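Enquirer:
Protein chains in written order, with this note's numbering: chain A, 9 to 304; chain B, 8 to 345.
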């Protein structure tokens, strides 16, 4: 067989352009089995929540006094009914919407606000840093649950107020991570090199700071989603979150807890849903953290 | 070299530069002491010469580099580039001035953004100065080729895929892409292996000749300094103790510290084995430097007057200045033979 040794005309085609950082992370994520399982699970939960109006076999708020606390596997009610005779499957599907919104929104808000504040405080330093960070410390001094209860208590029940109070809980945490990452990156020589080339604040923040601090902030924020879901459920459980009769997993857990001696399995269902969802988020953020640790 | 000195106006003029860093402590973060990193430093750099700055680590070399480029503000003193006051320059002027003065950093790992391809890292400076994206990319790739990194192979690689020597080449390309006239090199080869050092030094020498560059070359390595420099400036604890041509300093160092530095360089000649270390101990703490001459605590020739006042730089030869009482006209002690 003849061996040709001619140099290829296009070197790029041989060497291959290396993938950008985020594409590499995506590629590595797609090869981690735990992440794949967690991702699939979350996709399923999100999809079922999204399609609740079409998937739910019954009106989640329509009860039937005669059919209260039907066991799992009862005819016509696959997952049984709650203490008012409402179909559990329908309520779990509808409740997933509330729970996901309550879990994701505060973390998303905290991610945006916290990154902005943290990068600002970290890069500018001085008095700005002191003002921002010490204010955050005040919020940080309270345990998360206590702070959420206090703010929700002051604002009153309801989903919007829950979202506000949880956002306030998570912003200081993200600010801390963003600030410490920024301070660390700021002292590196490539930032000094950018300044020496005459780059302004905007260009430095966009190309040199954000690109290098977003990773750790993203990983940290993703670990907070499960906590946010649990806190939101906790607030509903205490009557400070979503108001009845709306379906929400924490609230369902609360109203069903008296029935636990009558039918143990049905009241456990919303707890199980919370557990699986927050577990999946934790696995996903673990996978994200591993995938982003690219060092050669 | 002295030839560069005749007639030409200095490209860079540094006068009385001073930088003291506050050391804060306690609950109220009050300033408790000052680190005298750079203390009353003055020198000139002439077009097309290489000025070497040598000294032990911690003597303020890197701080001096950052002061020249206005990456940190001095407490006192002036820096003039081509006659223009750098310290007082407006933001607009400063952005223009930055095209003329660039810095190559010491650490090849911390000095490249891990999220930018090396092509983008080099092109970034051009984009900052309003060059179009396509042209910036083109010029960055051309320059990468000039520093020995084929842009087709390396242009779209990330820094972690390159070796230390390759990264330092990228750093040099980044510093040169704006076509500066002055390049401040802060320990550009000290993080590299000996063999790679030689390659990078030769690259720097080639670029200097091609582009009529002026270098301020900072290093703690006397061999490197002697090899690259026309004139050398010896620093000790934030002060200049001796300046002269590289040849004059190598042949007849005057200051006891310079003598000790040259004596400490290992010799290959068995007749010149070192009997005992020429300098012992670490430099004193720059937080509370010794009174008078800062070198007196480690100096074999220290006199009582060294403790009371600091000697000023005085000429001991053509373009050769030293700050030491041994060379005063009324010096009691014979100048030490090398």
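Even for Gly, the Cβ is constructed at its ideal location relative to N, Cα and C. Computed from a predicted structure; not experimentally measured.
Check the Cβ of residue 30/B against every Cβ in chain A and list those closer than 7 Å, keeping chain order.
Expert: The premise fails here: residue 30/B is roughly 17 Å from chain A at the closest Cβ pair, so nothing lies under 7 Å.
Enquirer: Run down chain B in chain order and give the residues with a C-beta less than 8 Å from the C-beta of residue 197/A.
Expert: What residue 197/A touches in chain B: 112, 113, 114, 117, 118.
Enquirer: Let me see if you follow: with CB-CB separation under 7 Å, is residue 105/B close to chain A or not?
Expert: Chain A contact via Cβ: present.
Enquirer: Is residue 201/B buried or exposed, if buried means 16 or more other CB atoms sit within 10 Å of its CB?
Expert: Exposed is the call here.
Enquirer: From residue 146/B to residue 31/B, what distance separates their C-alpha atoms?
Expert: Distance between the alpha carbons of residue 146/B and residue 31/B: 45 Å.
Enquirer: What does the alpha-carbon distance come out to for the pair residue 27/B and residue 229/A?
Expert: If I take the Cα positions, the gap works out to 40 Å.
Enquirer: How would you label residue 260/A, buried or exposed, when you count the other beta carbons within 10 angstroms and need 16 or more for buried?
Expert: The residue in question, residue 260/A, is buried, as its Cβ has 16 or more Cβ neighbours within 10 Å.
Enquirer: Would you call the CB atoms of residue 1/B and residue 176/B closer than 7 Å?
Expert: Any question about residue 1/B goes unanswered here, given that chain B covers just 8 to 345.
Enquirer: Got a sec: is the Cβ-Cβ distance from residue 82/A to anything in chain B below 7 Å?
Expert: No, no contact with chain B.
Enquirer: Taking CB distances under 7 Å as the criterion, tell me whether residue 85/A reaches chain B.
Expert: Closer than 7 Å: no.
Enquirer: Just list the beta strand (DSSP E) runs in the stretch 63–128 of chain B, keeping only unbroken ones of 3 residues or longer that don't cross its boundaries, in chain order.
Expert: Taking only runs of at least 3 residues, the beta strand (DSSP E) segments lying wholly in the stretch 63–128 of chain B are 83–88, 108–111.
Enquirer: If contact means a Cβ-Cβ distance below 7 Å, which residues of the stretch 123–137 of chain A contact chain B?
Expert: Correct list: empty, as no residue qualifies.
Enquirer: Have a look at 246/B, 195/B, 238/B, 22/B and flag the residue whose alpha-carbon is nearest the alpha-carbon of residue 325/B.
Expert: Cα-wise, what sits closest to residue 325/B is 238/B.
Enquirer: Determine the extent of the beta strand (DSSP E) in which residue 311/B is found, giving its start and end residues.
Expert: Run containing residue 311/B: none in the beta strand (DSSP E); it sits in the alpha helix (DSSP H), 311–315.
Enquirer: From 137/B, 148/B, 302/B, 252/B, pick the residue whose C-alpha is nearest to that of residue 211/A; which is it?
Expert: Comparing Cα positions, the closest option is 137/B.
Enquirer: In terms of DSSP beta bridges, what is residue 193/B paired with?
Expert: Note: residue 193/B sits in a beta bridge opposite 225/B.
Enquirer: Based on the DSSP output, what are the partners of residue 41/B in its beta bridges?
Expert: Residue 41/B is bridged to 29/B.
Enquirer: Between which two residues does the beta strand (DSSP E) holding residue 57/B run?
Expert: Taken as a continuous stretch (DSSP letters only), the beta strand (DSSP E) holding residue 57/B covers 57–61.
Enquirer: How about residue 265/B and residue 55/B: do their beta carbons lie closer than 7 Å?
Expert: No, the pair does not count as a contact, with Cβ atoms beyond the cut-off.
Enquirer: Could you please give the first and the last residue of the uninterrupted beta strand (DSSP E) stretch that includes residue 324/B?
Expert: 321–324 is the span of the beta strand (DSSP E), which, as asked, contains residue 324/B.
Enquirer: Below 8 Å on C-beta distance, what does residue 1/B contact in chain A?
Expert: This structure cannot settle anything about residue 1/B, because the visible part of chain B is limited to 8 through 345.
Enquirer: Rounding to the nearest angstrom, what Cα-Cα distance links residue 77/A and residue 70/A in this structure?
Expert: Spanning the two alpha carbons is a distance of roughly 14 Å.
Enquirer: Please report whether the beta-carbon of residue 214/B lies at a distance below 7 Å from any beta-carbon of chain A.
Expert: It does not; no Cβ of chain A falls within 7 Å.
Enquirer: Could you run through the stretch 208–219 of chain A and flag, in chain order, every residue whose CB is less than 8 Å away from some CB of chain B?
Expert: For the stretch 208–219 of chain A, which is checked against every Cβ of chain B, the residues closer than 8 Å are 208, 211, 215, 216, 219.
Enquirer: Mark residue 296/B as exposed unless 16 or more other C-beta atoms lie within 10 angstroms of its C-beta, in which case mark it buried.
Expert: It is buried - the Cβ of residue 296/B has at least 16 other Cβ atoms within 10 Å.
Enquirer: Label residue 36/B either buried or exposed according to how many other C-beta atoms from any shown protein chain fall within 10 Å of its C-beta, with 16 as the threshold for buried.
Expert: Exposed, since its Cβ has fewer than 16 Cβ neighbours within 10 Å.
Enquirer: Please classify residue 21/B: does DSSP put it in a helix, a strand, or coil?
Expert: Of the three classes helix, strand and coil, the one that applies to residue 21/B here is strand, per DSSP.
Enquirer: Does any residue of chain A have a CB that is nearer than 7 Å to the CB of residue 78/B?
Expert: Closer than 7 Å: yes.
Enquirer: Need the endpoints of the alpha helix (DSSP H) that residue 107/A sits in, please.
Expert: 96–132 is the span of the alpha helix (DSSP H), which, as asked, contains residue 107/A.
Enquirer: Secondary structure at residue 82/A, three-state DSSP: helix, strand or coil?
Expert: Three-state DSSP puts residue 82/A in a strand.
Enquirer: My understanding is that residue 76/B touches residue 60/B, with C-beta atoms under 8 Å, so please give their C-beta distance in whole angstroms.
Expert: Actually they are not in contact, since the Cβ atoms of residue 76/B and residue 60/B sit about 14 Å apart, beyond 8 Å.
Enquirer: Let me know if residue 315/B comes out buried or exposed under the rule of 16 or more other beta-carbons within 10 Å of its beta-carbon.
Expert: Residue 315/B comes out exposed.
Enquirer: Please determine if the stretch 263–283 of chain A and the stretch 214–229 of chain A are in contact, where contact requires at least 3 C-beta pairs separated by less than 8 Å.
Expert: Touching, no, given that fewer than three Cβ pairs across the two stretches are closer than 8 Å.
Enquirer: From what residue to what residue does the alpha helix (DSSP H) around residue 254/B run?
Expert: 253–258 is the extent of the alpha helix (DSSP H) around residue 254/B.
Enquirer: Kindly list, in the order they appear in chain D, the residues whose Cβ is closer than 8 Å to that of residue 102/B.
Expert: In the displayed structure, chain D is absent; the protein chains listed are A and B.
Enquirer: Can you tell me whether DSSP reads residue 240/B as helix, strand or coil?
Expert: It is a strand residue.
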